[in-house]
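Chemist: Would you mind keeping the following structure in view while I ask a few things?
Numbering (the working numbering), first residue to last: 98 to 520.
The following block contains the structure:
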């Protein structure tokens with residue numbers, strides 16, 4: 098019979114463990130479920146579109162034009178030449194004051210000094226900075242999961258200890274009921290223990306309500322069904338730091354390097370080829386157009402070398418701004434590491450403190466248990482006040498609760514330390 102009971106308990110514990118959510122599972126689910134995660138894809142798509150637009154700078158740039166003008170003056174033959182030509186029977190009308198053209202201009206970059214490549218790299222690094230900042234924001238989700246998860250563990254232990262306390266008080270209540278029937282105990286003593294048990298039952302109602310609310314919050318936050326949580330194992334001390342804030346600073350420094358290269362590229366000359374063509378009046382043959390007003394096809398091809406020396410005016414200040422961005426990023430790194438080391442020290446000291454407290458918890462519980470059992474024995478012989486018995490039972494329960502708090506708080510500090518270093 099006993100073996101069958103033990104087997105049933107073992108199966109129940111195995112089933113409980115199988116559907117209990119671990120801390121890592123909750124953290125991963127929360128990161129996947131958090132609405133901010135959708136921005137990863139949005140940032141990547143935006144960056145790809147920006148880079149694609151920049152690379153279109155290598156495509157031929159085509160401009161369609163149409164214009165009509167009325168000029169105050171035009172190129173004309175001298176009057177003497179007009180008279181001479183008229184004597185020869187040639188009528189030189191000259192250019193008309195109203196002129197028209199419809200055409201296309203095509204320009205193709207051949208050498209840009211590396212400007213397009215530098216702009217593309219700047220766009221990619223800007224996208225990387227946004228992704229890194231998003232990783233920082235998502236990383237804070239883990240801390241919120243930690244708070245809810247360990248809060249649930251503490252409530253679970255409180256509920257378990259509350260049940261044990263109810264069982265102890267119920268056993269004393271049953272014993273007093275028998276003693277009252279035999280006239281060896283007063284009714285008021287029984288009423289005292291019954292009232293204390295009902296008080297503990299009320300506490301259970303509050304604890305279960307708190308657990309239900311916190312469980313629903315964790316399930317909503319993670320986007321999964323959470324029925325139970327399992328106590329994580331203790332962690333060893335870790336070294337190093339792998340926080341996403343440091344990766345964000347690294348990406349900011351890479352962006353500054355890309356911006357520096359873009360500034361250098363802006364100082365170099367550009368080489369391109371072009372083609373222009375139009376249909377209209379007048380064309381490139383002015384002499385012919387002075388003799389007639391017919392529209393004509395006209396075209397031109399060539400190469401152009403340009404150098405915008407205006408970039409030199411602001412180059413020094415622009416480089417100084419980029420350097421200030423680097424110094425700001427390095428200062429952020431130093432500040433973060435300084436504060437992070439302080440947090441690590443606080444968590445490490447708290448872990449040591451709870452370990453020292455836990456070393457004495459077992460001894461305290463053993464002593465409180467002995468006192469409680471002695472009180473129950475004395476009660477059976479009618480030589481102890483019920484108030485003293487209730488006090489001893491509550492003292493033992495408080496010692497067990499304190500042990501549970503110390504253990505869970507130590508585990509929480511360990512995982513907070515893990516969160517602080519991301520190792």
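Positions of the beta carbon are idealized from the N, C-alpha and C atoms, including for glycine.
Please report the straight-line C-alpha distance between residue 212 and residue 339, rounded to a whole angstrom.
Modeler: 35 Å
Chemist: Tell whether a beta-carbon distance below 8 Å holds between residue 262 and residue 297.
Modeler: yes
Chemist: Please determine, among 437, 456, 507 and 155, the residue with the shortest C-alpha to C-alpha distance to residue 517.
Modeler: 437
Chemist: Taking the alpha carbon of residue 328 as the reference point, which residue from 507, 317, 130 and 132 has its own alpha carbon closest?
Modeler: Nearest to residue 328 by alpha-carbon distance, out of 507, 317, 130 and 132, is 507.
Chemist: Quick check: the Cα distance between residue 171 and residue 194, rounded to an integer number of angstroms?
Modeler: 6 Å
Chemist: Keeping to the same chain, check which residues put their C-beta closer than 6 Å to that of residue 368; ignore five residues upstream and five downstream.
Modeler: 207, 208 and 402
Chemist: In angstroms with no decimal places, state the Cα-to-Cα distance between residue 131 and residue 125.
Modeler: 10 Å
Chemist: Hey, how far is the Cα of residue 185 from the Cα of residue 168?
Modeler: 30 Å
Chemist: Could you pull the DSSP bridge partners for residue 167 from this structure?
Modeler: 195
Chemist: Using a Cβ-Cβ cut-off of 8 Å (strictly less than) and excluding sequence neighbours within five positions of residue 416, which residues of its own chain qualify?
Modeler: 357 and 360
Chemist: Give me the Cα-Cα distance between residue 226 and residue 137, rounded to the nearest whole angstrom.
Modeler: 12 Å
Chemist: Out of curiosity, what's the CA-to-CA distance linking residue 472 and residue 486?
Modeler: 6 Å
Chemist: Would you identify the three-state DSSP class for residue 314, choosing helix, strand or coil?
Modeler: helix
Chemist: Residues in the same chain with beta-carbon distance under 6 Å from residue 308, minus the five sequence neighbours each way, listed in chain order, please.
Modeler: 252
Chemist: Do residue 461 and residue 496 have their C-beta atoms closer together than 8 Å?
Modeler: Residue 496 is positioned such that its CB atom lies closer than 8 Å to that of residue 461.
Chemist: Answer yes or no: do residue 258 and residue 294 have a C-beta to C-beta separation smaller than 8 Å?
Modeler: no
Chemist: Can you list, in chain order, the residues of its chain with a C-beta nearer than 6 Å to that of residue 182? Leave out the 5 residues immediately preceding and following it.
Modeler: 189
Chemist: Candidates 317, 158 and 342: which alpha carbon is nearest residue 431's?
Modeler: 342
Chemist: Going by beta-carbon coordinates alone, are residue 377 and residue 199 separated by less than 8 Å?
Modeler: yes
Chemist: Comparing alpha-carbon positions, which option in 299, 409, 423 and 248 lies nearest residue 501?
Modeler: 248
Chemist: According to the Cβ coordinates, are residue 230 and residue 345 closer than 8 Å?
Modeler: yes
Chemist: Once DSSP output is grouped into helix, strand and coil, what is the label at residue 212?
Modeler: helix
Chemist: Who are the near neighbours of residue 323 in its chain, counting only those whose CB is closer than 8 Å to its CB and skipping five residues on each side?
Modeler: 118, 123, 312, 315 and 316
Chemist: Within this structure, are the beta carbons of residue 246 and residue 120 separated by less than 8 Å?
Modeler: yes
Chemist: Under the rule that 16 or more other beta-carbon atoms within 10 Å means buried, what is residue 285, buried or exposed?
Modeler: It is exposed - the Cβ of residue 285 has fewer than 16 other Cβ atoms within 10 Å.
Chemist: Pick helix, strand or coil for residue 110, following the three-state DSSP scheme.
Modeler: Interpretation of residue 110 is limited by its pLDDT of 41, a score under 50 that renders its predicted location unreliable; the figure taken from the coordinates is listed afterwards. Residue state, collapsed to three classes: helix.
Chemist: Taking the alpha helix (DSSP H) that residue 474 falls in, what are its first and last residues?
Modeler: 408-477
Chemist: Between residue 509 and residue 243, is the Cβ-Cβ spacing less than 8 Å?
Modeler: yes
Chemist: Residue 103 by DSSP, collapsed to three states: which one?
Modeler: Because residue 103 carries a pLDDT of 40, less than 50, the predicted location of this residue cannot be relied on, and no value is offered for it.
Chemist: Considering only the alpha carbon of each residue, which of 224, 349, 128 and 205 lies closest to residue 140?
Modeler: 224
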